[in-house]
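Chains as they are written, first to last, in my numbering: chain Y, 2 to 331; chain W, 18 to 356.
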Amino acid sequence: MNRAIKDHSWELFIGGMVLLAAVWATSLSPYYLNAEQLLFSSRNLVFTGVMGLGLSLVILTGEMDLSLPSILAVCTVLLSKASAAGLPLPVALAGIVLVALALGAINGFLVAALRLPALAVTLGTMGAYRGLAFIIGSEVGYTGFDGRYKWLGEAKIGASSIPVMLIPFALAVLAFMVIMHFSTFGRRCFAIGNNASAASYSGISVVRTKLGAYMIAALMAALGAWVFIGQFGSARGDNANGVILGIITAVVLGGVDINGGRGTILGVLLSTIFLWTLRNGMGLANIAGPIQQLIIGALLVTGVLASNFMGGRIEFAGPRKKAMTGPSAP
Amino acid sequence: MGDKGGATLARRFSNAVSRNTLRLRVFSVLFSLVALTIVFALTTPNFLNFQNLKVIAFNSALLTIVACAEALVVITRNLDVSVGSIIGLAGFVAAKFAAANPGSGALIVIVAVSIGLLLGLVNGLAVAYGKVPSIVATLGTLAIFRGVTYIVGSGIEVPSGNLPRWMIHGADATLLGMPLVVLLAVAVALILAFLGRGLPILRRVYAVGSNPGAAVFYGLRANRVVLFAFASCGALVGLAAFLYISRVGTITVNLGRDWEMTALAAVVLGGVSTTGGSGSFIGVLFGALILSTIDNGLVLARAPEFWRMFIQGVAIVGAIALDSGIERRIQAIFKHGKG
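Given below as structure tokens:
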């Protein structure tokens with residue numbers, strides 16, 4: 002029991018922060034604690050949330066993917082073209098899945114097979130894919146989506162006010178829990194993130210595993226695109242522009258080590274909920290966007306600082322890194 | 018005997034290659050710039066005249082300074098994604114100060130640079146002594162600095178008409194036919210490149226980025242070196258912020274937004290290794306020039322603006338692949354030389 006608490010102390014901490022944030026939001030605005038309001042605003046965590054799940058897997062292997070929101074934009078624009086051409090939804094979805102997998106595979110190939118630095122490479126593909134989205138869709142936004150395309154992003158379950166999109170989100174969370182913590186692939190990701198060459202010597206194909214992680218992450222961007230077009234009813238090349246920094250914040254605050262090898266999906270889920278709660282409360286209290294960002298940024302830095310200084314007491318969960326030989330990198 | 022001679026020759030060759038590694042990289046950057054220029058010169062009629070080349074140089078000047086600052090941090094195997102927000106805070110406060118005290122002269126420069134220095138120190142302390150991974154720390158300060166700018170701004174903007182006249186005129190001033198800003202940017206890159214060969218602290222910046230563990234074993238205080246890199250990055254960005262506010266029409270709290278990505282792109286295009294330890298400031302200068310050449314050429318060719326993103330992105334990936342290809346080639350030669 003003690004062991005379980007110690008291993009998951011970061012998740013417990015973030016969970017506690019969610020409650021604190023909710024209490025704070027309630028005191029900030031009388032409109033916060035209302036089922037309708039909460040369910041309506043829960044829509045805001047889904048499309049970034051699914052990309053956060055995908056990014057966690059990539060970061061777990063010690064890499065980075067800045068291009069996910071750009072892949073989302075390519076997919077929304079493609080969906081708009083499919084909708085305009087009158088294609089049935091399953092065909093359109095199959096199309097964006099293939100495209101997303103291909104774009105993810107390009108990232109994975111450049112990073113894993115050619116061993117190029119991930120941050121720089123995906124900075125490049127972030128621009129290239131964003132440009133591609135504009136090239137496909139021109140600068141004009143598309144709003145004439147077929148109702149069936151928008152269903153996932155705008156419909157509610159039966160007569161309740163629960164957004165349908167929470168179902169794929171919940172399924173994605175469950176799927177990622179299985180992939181990361183209960184599958185061979187997930188164990189390989191942890192192993193590679195902890196020590197890529199040791200993993201390689203023990204027979205794990207580093208290239209194939211990283212390629213897989215990038216493709217799964219891109220797949221989540223495609224799911225995000227499907228949600229996005231329903232939620233906002235529009236598609237344009239600049240969709241989801243600039244959300245990547247917020248997604249990285251969620252992943253890091255969720256306890257995933259930015260250098261790879263440690264982290265849990267539960268942590269990422271909790272930090273996603275935490276950030277959403279904060280934003281929701283602050284939004285209702287009419288706190289301006291930049292100030293919201295300031296508070297979240299300060300939490301990110303102090304959170305990591307606190308966990309560094311407290312050392313043993315609040316630890317990031319997941320398998321520990323082996324003690325490094327020699328002094329650690331600055 | 019002959020075998021020994023062969024080994025010596027191989028060693029001499031590998032030494033020559035290692036000595037010229039950086040030059041080789043800068044050369045590949047320069048080559049891309051020339052190739053790009055030729056393509057645009059052939060496809061767009063007005064590209065290759067002096068006036069337009071001056072525009073390109075002018076547009077790349079500020080980016081050169083910010084990218085050189087970013088390169089300092091990248092060479093230590095860290096990253097600063099907050100430079101856009103440093104431009105915002107340093108620039109906005111300096112503009113507000115200048116508008117309130119029109120007769121303050123060079124004090125405005127000092128205000129901008131010292132705010133930049135202060136913000137750089139904050140980043141450096143968090144990374145070097147707080148042990149926060151640099152991308153996480155500066156991601157946080159990206160939001161924090163922008164938020165503070167917003168609070169300082171309290172909803173107002175500073176029109177450039179409120180700035181002292183000398184700032185506005187200074188932005189357009191030329192020396193020997195070249196804009197002062199361009200000369201300043203080139204000077205920053207050249208000085209850093211020159212000092213990088215001899216100045217101990219800059220040598221340490223390279224050493225720490227190249228192998229942090231070994232640097233510590235050799236007695237280098239890696240923490241201080243990283244702090245120095247972040248602080249001087251901040252100060253340089255503060256200088257760029259000062260130059261920036263004298264050029265834009267209205268100084269808003271959004272000043273410098275998204276500059277971190279462009280600066281990183283210039284750094285990467287310039288052949289600075291994102292895994293630290295290598296890179297030349299002359300390369301960064303060329304990297305910034307490449308970005309503004311692409312911008313300018315596409316505008317003249319009347320290509321839609323979004324092609325820029327695509328081409329820039331592909332160019333970044335291409336540059337990284339090229340760099341890593343060169344690096345691996347050199348390593349292969351080393352291995353061969355040793356065996």
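We treat Cβ as the ideally placed atom computed from N, Cα and C, and that holds for glycine.
_Below 8 Å, how does it come out for the segment 13–31 of chain Y and the segment 220–233 of chain Y: are there three or more Cβ pairs, yes or no?_
no
*Count the other CB atoms within 10 Å of the CB of residue 225/W; is the residue buried (16 or more) or exposed (fewer)?*
buried
*Are the C-beta atoms of residue 150/W and some chain Y residue less than 7 Å apart?*
Closer than 7 Å: yes.
*With distances taken Cα to Cα, identify the nearest neighbour of residue 73/W among 89/W, 164/W, 199/W and 120/W.*
The shortest C-alpha separation from residue 73/W is found at 199/W.
*Using 8 Å as the Cβ pair cut-off and three pairs as the minimum, do the segment 182–198 of chain W and the segment 130–145 of chain W touch?*
no
_Residue environment, residue 65/W, which counts as buried when at least 16 other CB atoms sit within 10 Å_ = Exposed is the call here.
*Excluding the 5 residues preceding and the 5 following residue 212/W in the sequence, name in chain order all residues of the same chain whose CB lies nearer than 7 Å to its CB.*
219
_Reduced DSSP category for residue 350/W - H, G, I as helix; E, B as strand; rest coil_ = helix
*Residues of chain Y with a CB under 9 Å from the CB of residue 324/W: which are they?*
132, 135 and 136
*Return the CA-CA distance between residue 291/Y and residue 297/W, expressed in angstroms with no decimal places.*
36 Å
*Would a C-beta distance cut-off of 7 Å place residue 49/Y and residue 248/Y closer than the cut-off?*
yes
*Would you please verify whether the beta carbon of residue 339/W is less than 7 Å from any beta carbon of chain Y?*
no
_Cβ contact check for the segment 187–196 of chain Y and the segment 58–67 of chain Y: 3 or more pairs under 8 Å_ = yes
_Sequence-distant residues of the same chain with beta carbon closer than 6 Å to residue 232/Y, five excluded per side_ = 44 and 154
*What are the residues that DSSP puts in a beta bridge with residue 236/Y?*
Looking at the DSSP assignment, residue 236/Y forms a beta bridge with 143/Y.
*Helix or strand or just coil, what does DSSP make of residue 62/W?*
coil
*Amino acids of chain W, ordered along the chain, whose beta-carbon sits closer than 9 Å to that of residue 282/Y*: Here the premise fails: no neighbours, minimum Cβ distance about 17 Å.
_Just to confirm my understanding: we take residue 302/W, look at its own chain, exclude 5 residues before and 5 after, and list those with CB closer than 6 Å. What are they?_
81 and 206
*Beta-carbon separation of residue 287/W and residue 46/W under 7 Å?*
yes
*Burial state of residue 275/W, where buried means 16 or more other Cβ atoms lie within 10 Å*: exposed
*asked:* Determine, for residue 68/W, whether the minimum Cβ-Cβ distance to residues of chain Y falls below 7 Å.
replied: Cβ-Cβ to chain Y under 7 Å: no for residue 68/W.
_contact_flag[the segment 324–343 of chain W, the segment 114–124 of chain Y] where n(CB pairs < 8 Å) is 3 or more_ = Three or more Cβ pairs closer than 8 Å define a contact, and the segment 324–343 of chain W meets that threshold against the segment 114–124 of chain Y.
*Evaluate the contact criterion for the segment 137–153 of chain W versus the segment 87–105 of chain W: three or more CB pairs, one atom per stretch, below 8 Å.*
The segment 137–153 of chain W makes contact with the segment 87–105 of chain W: 3 or more CB pairs, one atom from each, lie closer than 8 Å.
*Please determine, among 277/W, 322/W and 180/W, the residue with the shortest C-alpha to C-alpha distance to residue 139/Y.*
322/W
*Alpha-carbon to alpha-carbon, residue 126/W and residue 105/Y*: 45 Å
*asked:* I need the DSSP call for residue 193/W, collapsed to helix, strand or coil.
replied: Residue 193/W: coil per DSSP, three-state reduction.
*asked:* Measuring only the C-alpha atoms, how far is residue 329/W from residue 132/Y?
replied: 9 Å
_Sequence-distant residues of its chain with Cβ nearer than 6 Å to residue 324/Y (five each side left out)_ = For residue 324/Y, the predicted model reports a pLDDT of 36, less than 50, meaning its position is unreliable and no value from the coordinates is stated.
*Quick one, which residues of the segment 154–171 of chain W are near chain Y if we go by CB-CB under 8 Å, in chain order?*
154, 156, 157, 158, 159, 160, 161, 163, 164, 165, 166, 167 and 168
_Proximal residues of chain W, C-beta to C-beta of residue 250/Y below 9 Å_ = Ordered by position in chain W, the residues that pass the 9 Å Cβ test against residue 250/Y are 153, 156, 157 and 160.
*Looking at residue 102/W and residue 42/W, is the spacing between their C-beta atoms short of 7 Å?*
No.
_Determine whether the beta carbon atoms of residue 77/Y and residue 230/Y lie at a separation below 7 Å._
yes
*Under 7 Å Cβ-Cβ, which residues of chain W neighbour residue 232/Y?*
Per Cβ cutoff of 7 Å: no residues; residue 232/Y is ~24 Å from chain W at best.
*From the DSSP output, in three-state form, read off residue 316/Y for me.*
Since pLDDT at residue 316/Y reaches only 44, below the 50 mark, its modelled position is unreliable, and the value read off the structure follows with that caveat. If DSSP states are grouped into helix, strand and coil, residue 316/Y belongs with coil.
*Is the Cβ of residue 301/Y closer than 7 Å to any Cβ of chain W?*
yes
_Whole-angstrom C-beta distance between residue 198/Y and residue 15/Y, which should lie under 8 Å_ = Incorrect: roughly 32 Å between the Cβ atoms, too far for contact.
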